[in-house]
Structure formats: structure tokens, C-alpha cells
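Following: one structure in C-alpha cells, then a few remarks.
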Amino acid sequence: FRIAVLISGSGTNLQAIIDAVAGGDIPARIEQVISNRPGAGGLARAERAGIGTEVLDHRAFAERGHYDAVLAERLEAIRPDLVVLAGFMRILTDDFVTRFMGRLINIHPSLLPAYRGLHTHQRAIDAGESRHGCSVHYVIPELDAGPVIAQAAVPIHAGDTAETLQDRVQAMEHRLYPEVVRWIAEGRVALQAGRVWLDGKPL
Ligand code: GRF
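The sequence shown begins at 7 in the UniProt record's numbering and counts up one residue at a time.
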């Protein structure tokens, strides 16, 4: 089972998946890590793990569509069974998403459908929520709107800042994302007719 991971930043979720593969929890191989940012910390994590890396800098492209077309070509060359977005901070074009739909997943720091988009931790605090969390979902053209595979919730405490809440959510991300990748690698999860199926039953 071949995995490609797309990142833009520090790559703590990538690290969690690397560790789960190395520990034998995910029956798969991470074939390649691609970053749109040259200095992304996740690149060093991949290199330390002996995983091939590639930088595809979006600043070298005038058009989003062109960038996504080149990214899609690079990805196809890897022949991934699964493309994992792990802090890849770019909106993908419909063409790209359609091409990889069903083998493209993302982790989003909220209990979707609540708080799509950015600054989710601050927005949840500002709204007086008592719970927040993260969601792993299949990616569809509409942003952060794809069918959810699994979620993990955390409490919001009095006095939480966006940073303290983010730390609590990220600790859950690092458990949830490898687990969902494992289910998919084991063939237990699929996207069919716009719905997530787990162990032969629609969620
Ligand atoms: C995570 O918080 C994830 O929810 C969001 O981007 C962040 C990536 O962090 N999509 P990292 O690069 O995995 O550390």
C-alpha cells in the first residue's frame, strides 16, 4: 500500500504517521513527501526516516491550475494508493481533487461540519464552545466539506488560548490520523457514492 504525504509546515502529523508505519501499525510504505514550502520542517522529518522528499514551490507558478497539474503529475508518478494531506496549506483545484477523489484525505482541526477554514481554535473559544477537536475526511472540491471518516473531541477549558487549545487538539490529531490511515491501508474504509464505508457499512 503506497502512501504519498503532502505538507507545508512542521509535519508533526507526518511524524505520527512515520512512527506508526515504522512501528508496524500501518501496513504501508510512505513513498514520498512533497512540500510546497522549501523550508518545511516536515522535510527533515522525512529525510531522517529515509523517505524521499520533493519540494514543489508554488511561488514558481503563476497559476494555481498549473501548479496543481504539475503536482498531480508528480503524484501519479508515485502511484499512490492514498494521498495524505498533513498540514498542506493550499486550496486544491477541482480538477486536482476530482482526479484523486477517494484516495485523498485531510485532517482538519475542528469537529466538522463546525468551523471549516482557518483559525478554528480561536473561533471555537470566541463562540463559547465547550468542545473542540479534529476530523479526518475525504477531500471533495468544496473546502473542508468532504465526508468525515473519524473525529476526536477535546474539552475547552476556561482560560484556554488558541495555543493551549491547539496543543490539546494536536495531541489527538497525532493519534487519530495514523489510526485512520491504518484503517484505509487495511482496506476497511472506502468512499463510495459520496459516503464513507467502514467495515462494509455506510457511516
Ligand atoms: C494540523 O493542526 C492540522 O490540523 C492542520 O494543519 C496542522 C498541521 O500541523 N490541517 P503539522 O504540520 O502536522 O504539525
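Beta carbons are placed, not taken as given, at the ideal position from N, Cα and C, and that holds for glycine.
Output yes or no for whether 7 Å exceeds the beta carbon distance between residue i and residue j.
| i | j | result |
| --- | --- | --- |
| residue 212 | Ile13 | Outside the modelled stretch of the chain, which goes from 7 to 209, sits residue 212, for which no answer is possible. |
| Val160 | His138 | yes |
| Ala55 | Gln38 | no |
| Ala158 | Leu124 | no |
| Gly45 | Ser16 | no |
Grouping DSSP H, G and I as helix and E and B as strand, with all else coil, what is residue i?
| i | result |
| --- | --- |
| Glu135 | coil |
| Glu148 | coil |
| His163 | coil |
| Ala143 | The question names Ala, yet the displayed sequence has His at residue 143. Of the three classes helix, strand and coil, the one that applies to His143 here is strand, per DSSP. |
| Arg129 | helix |
| Leu49 | helix |
| Ile84 | helix |
| Ile32 | coil |
| Leu171 | helix |
| Leu110 | strand |
| Leu91 | strand |
| Arg8 | strand |
| Ala55 | coil |
| Ala177 | helix |
Using DSSP's beta-bridge definition, name the partner residues of residue i.
| i | result |
| --- | --- |
| Ser41 | Ile13 and Val61 |
| Leu77 | Its beta-bridge partners do not exist; DSSP assigns none. |
| Gln157 | Ser141 |
| Asn19 | DSSP output for Asn19 lists no bridge partner at all. |
| Trp203 | Ala196 and Pro208 |
Assuming residue i contacts residue j (C-beta within less than 8 Å), just tell me the rounded distance between them.
| i | j | result |
| --- | --- | --- |
| Ile97 | Leu149 | 6 Å |
| Gly134 | His143 | Gly134 to His143, Cβ: 25 Å. No contact. |
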